[in-house]
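>
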DNA sequence: TCGCCAATTGCCACTGAGTGGCACACTCGG
DNA sequence: CCGAGTGTGCCACTCAGTGGCAATTGGCGA
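Residue numbers (the numbering used here), protein chains in the order written: chain A, 33 to 271; chain B, 33 to 271.
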């Protein structure tokens with residue numbers, strides 16, 4: 033068969049998969065806070081010690097697929113050609129590439145369940161937020177090293193990265209909240225839509241859309257800033 | 033004297049202040065992770081049980097002044113006049129009002145020390161991030177109830193709030209990192225500057241500013257989006 | 001000034017996450 | 001088949017956070 037990796041690695045990987053699957057199942061059915069690590073380890077048939085050699089925390093096992101996605105995005109950032117264009121676009125494309133690089137069987141379903149956990153449990157949500165924060169710091173380092181980003185401490189650069197995180201989180205939350213299937217194509221579309229909504233966001237007024245939902249005279253977007261006319265895309269994103 | 037509050041309240045408040053002061057001192061000198069709650073409670077001369085009746089977590093006592101600031105900002109949002117203008121501006125002004133409403137003796141110094149803790153300790157930083165997230169959710173509810181925000185689940189609205197958080201965090205981080213004194217006037221200025229840098233952030237290119245630092249031909253800001261010419265302010269914000 | 005009521009506090013025991021140490025078992029290489 | 005080295009299980013431990021209950025203390029009427 034395809035027993036390429038040295039068999040010792042495969043065991044490790046197998047343990048990891050069993051833990052993730054058990055965790056998503058238990059957390060999903062009974063709630064993150066109502067499942068102890070001892071229970072999880074018992075279900076997955078590993079010792080607690082082994083669990084902490086595989087994952088750094090109870091939260092991490094719940095979000096491991098999500099972290100894989102970002103890892104793939106960072107990987108893309110490492111290998112992508114370095115053309116000069118807006119940082120937000122570069123990051124968006126890296127995320128899209130990361131989405132395209134997900135291969136493992138059933139990743140989309142695991143990812144969707146992970147996101148559901150993060151919206152259901154404060155502890156997981158906090159972990160998720162912090163993870164994104166640290167990951168974009170790492171992305172900044174790559175951008176500086178490979179893409180010639182000369183001022184990684186410029187406020188505008190830091191803000192741009194925060195905006196990337198925000199757009200990504202909104203897109204993935206929207207994707208995971210869809211009723212029916214949540215697959216790669218939809219995630220890609222939702223990601224594009226969220227990033228296109230960034231510009232219009234700057235000018236949203238507090239009294240927007242008493243009539244905005246799917247109307248034509250919607251979006252009291254004030255034209256002073258950001259005249260990007262892709263409001264249609266943003267409006268279509270509205271649920 | 034001015035013994036207006038029923039004396040029982042004052043005791044409680046006093047305990048709170050002692051805890052915060054002890055925490056900032058101990059955490060600041062020896063590191064958040066190297067101080068146990070037992071030590072802190074021992075120093076402040078309260079039982080651990082009382083500590084958890086005053087604060088929800090070890091992290092919270094470290095960030096209590098920061099949380100006070102947001103509480104003041106939310107309060108301002110509750111009472112401010114409800115004119116129709118961009119959501120980001122409304123939130124910025126609420127934050128500025130919150131800054132203006134800080135009165136307790138030595139708040140600026142405590143706030144600065146809190147921020148330092150959050151940059152030094154991952155646990156505190158994560159707590160801080162999540163707190164901001166939850167607080168802006170609360171702000172959204174106020175905006176919906178008082179300011180006529182009709183579509184609080186519109187992606188653009190959610191993005192706008194995320195951008196507010198980002199600008200705020202960048203400004204306060206910059207403020208706390210200043211060498212000399214960090215006072216109200218500087219925090220106000222840094223906040224304004226960070227919010228003004230939001231627009232230009234959208235168009236930052238990856239190869240920005242090989243020569244950008246304080247130059248005139250700086251900021252490879254691509255004029256396609258966001259032609260706001262307040263790049264000067266943003267550039268001045270650069271350290 | 002005294003004493004009752006209610007809120008607050010301290011103490012104790014407990015759960016559950018996360019860690020270090022050590023002995024055992026397994027895989028891989030010869 | 002056998003050593004070297006890595007991975008795993010078990011045990012004991014620290015520390016954050018919680019619930020219960022008794023003791024204390026302030027508020028307040030008599």
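Cβ atoms here follow ideal geometry from the backbone N, Cα and C, with glycine treated the same way.
Is it true that the CB of residue 131/B sits closer than 8 angstroms to the CB of residue 219/B?
Yes, these two residues count as a Cβ contact at 8 angstroms.
> From residue 226/A to residue 137/B, what distance separates their C-alpha atoms?
Whole-angstrom Cα-Cα distance: 44 angstroms.
> Any idea what DSSP makes of residue 75/B, helix, strand or coil?
Reduced to three states, the DSSP call for residue 75/B is helix.
> Would the beta-carbon of residue 133/B fall within 8 angstroms of that of residue 173/B?
No, Cβ-Cβ distance for residue 133/B and residue 173/B is not below 8 angstroms.
> Put residue 151/A into one of helix, strand or coil per three-state DSSP.
Three-state DSSP puts residue 151/A in a helix.
> Closer than 7 angstroms, Cβ to any Cβ of chain A: which residues of the region 168–200 of chain B, in chain order?
Correct list: 175, 179, 180, 181, 182, 183, 185, 186, 187, 188, 189, 190, 191, 192, 194, 195, 198 and 199.
> DSSP three-state call for residue 114/A: helix, strand or coil?
DSSP places residue 114/A in coil when its eight states are reduced to three.
> Between residue 192/B and residue 234/A, is the Cβ-Cβ spacing less than 8 angstroms?
Yes. Within cutoff.
> I'd like to know if residue 165/B contacts chain A, where contact means its C-beta is closer than 8 angstroms to some C-beta of that chain.
For residue 165/B, the answer is yes, since a Cβ of chain A falls inside 8 angstroms of its Cβ.
> Would you kindly work out how many angstroms separate the C-alpha atoms of residue 41/A and residue 127/A, rounded to a whole number?
Roughly 28 angstroms separates the two Cα atoms.
> Under 8 angstroms by Cβ, that's how I've got residue 190/B and residue 238/A pegged, so tell me the actual separation to the nearest angstrom.
The Cβ separation is near 14 angstroms, so there is no contact.
> Between residue 212/A and residue 145/A, which are expected to be in contact by the criterion C-beta below 8 angstroms, what is the C-beta distance as a whole number of angstroms?
So it is not a contact: roughly 15 angstroms between Cβ atoms.
> By a C-beta neighbour count over all protein chains shown, 10 Å radius and 16 as the cutoff for buried, is residue 52/A buried or exposed?
With 16 or more Cβ atoms within 10 Å of its Cβ, residue 52/A is classed as buried.
> Answer yes or no: does any C-beta atom of chain A fall closer than 8 angstroms to that of residue 98/B?
Chain A contact via Cβ: absent.
> Provide the residue(s) that pair with residue 237/A in DSSP beta bridges, ordered along the chain.
The partner list for residue 237/A (beta bridge, DSSP) reads 118/B.
> Is DSSP giving residue 184/A helix, strand or coil here?
Coil.
> What does a CB cutoff of less than 6 angstroms around residue 243/B pick up in its chain, not counting 5 residues either side in sequence?
Caution is warranted here: a pLDDT of 40 is assigned to residue 243/B, below 50, making its placement in the model unreliable, and the coordinate value is therefore given only provisionally. Hits under 6 angstroms: none found.
> From residue 69/A to residue 56/A, what does the alpha carbon distance come to, in whole angstroms?
Taking the straight line joining both Cα atoms gives about 13 angstroms.
> Which residues, in order along the region 222–238 of chain A, keep a beta-carbon less than 7 angstroms from a beta-carbon of chain B?
For the region 222–238 of chain A, which is checked against every Cβ of chain B, the residues closer than 7 angstroms are 226, 229, 230, 231, 232, 233, 234, 235, 236, 237 and 238.
> Are the C-beta atoms of residue 158/B and some chain A residue less than 8 angstroms apart?
Judged by the 8 angstroms Cβ criterion, residue 158/B is in contact with chain A.
> Could you check which residue in 114/B, 223/B, 118/B and 110/B has the C-alpha nearest to that of residue 205/B?
Closest by alpha carbon: 223/B.
> Comparing alpha-carbon positions, which option in 187/B, 202/B and 72/B lies nearest residue 47/B?
With distances taken between Cα atoms, residue 47/B lies closest to 72/B.
> Whole angstroms are fine: how far does the CA of residue 165/A sit from the CA of residue 160/B?
Using only the alpha carbons, I get a separation of about 12 angstroms.
> Do the region 178–185 of chain B and the region 80–92 of chain B make contact, defined as three or more Cβ pairs closer than 8 angstroms?
Flag = no, the region 178–185 of chain B and the region 80–92 of chain B do not touch.
> How would you list, in chain order, the residues of chain A whose beta-carbon sits under 8 angstroms from the beta-carbon of residue 41/B?
Correct list: empty, because the minimum Cβ distance to chain A is about 29 angstroms.
> Along the alpha helix (DSSP H) that carries residue 47/B, what are the first and last residues, could you check?
Counting along the chain, the alpha helix (DSSP H) containing residue 47/B begins and ends at 40–62.
> If I'm right that residue 156/B touches residue 64/B with Cβ under 8 angstroms, what's the distance once you round it to whole angstroms?
Yes, they are in contact, since the Cβ atoms of residue 156/B and residue 64/B sit about 6 angstroms apart, within 8 angstroms.
> Taking Cβ positions only, does residue 149/A come closer than 8 angstroms to chain B?
No, residue 149/A does not count as interfacial toward chain B.
> Going by beta carbon distance, what residues of the same chain come within less than 7 angstroms of residue 143/A, once the five residues before and after it are set aside?
Around residue 143/A: 97, 98 and 101.
> Determine the direct distance from the alpha carbon of residue 185/B to that of residue 135/A, and round the result to whole angstroms.
Computed Cα separation, rounded: 32 angstroms.
> Would you mind reading off the limits of the alpha helix (DSSP H) that contains residue 85/A?
Residues 80–86.
> Tell me whether residue 95/A sits in a helix, a strand or coil according to DSSP, three-state version.
Looking at residue 95/A - three-state DSSP - the assignment turns out to be coil, as it is neither helix nor strand.
> For residue 157/B, which three-state DSSP category applies?
If DSSP states are grouped into helix, strand and coil, residue 157/B belongs with the helices.
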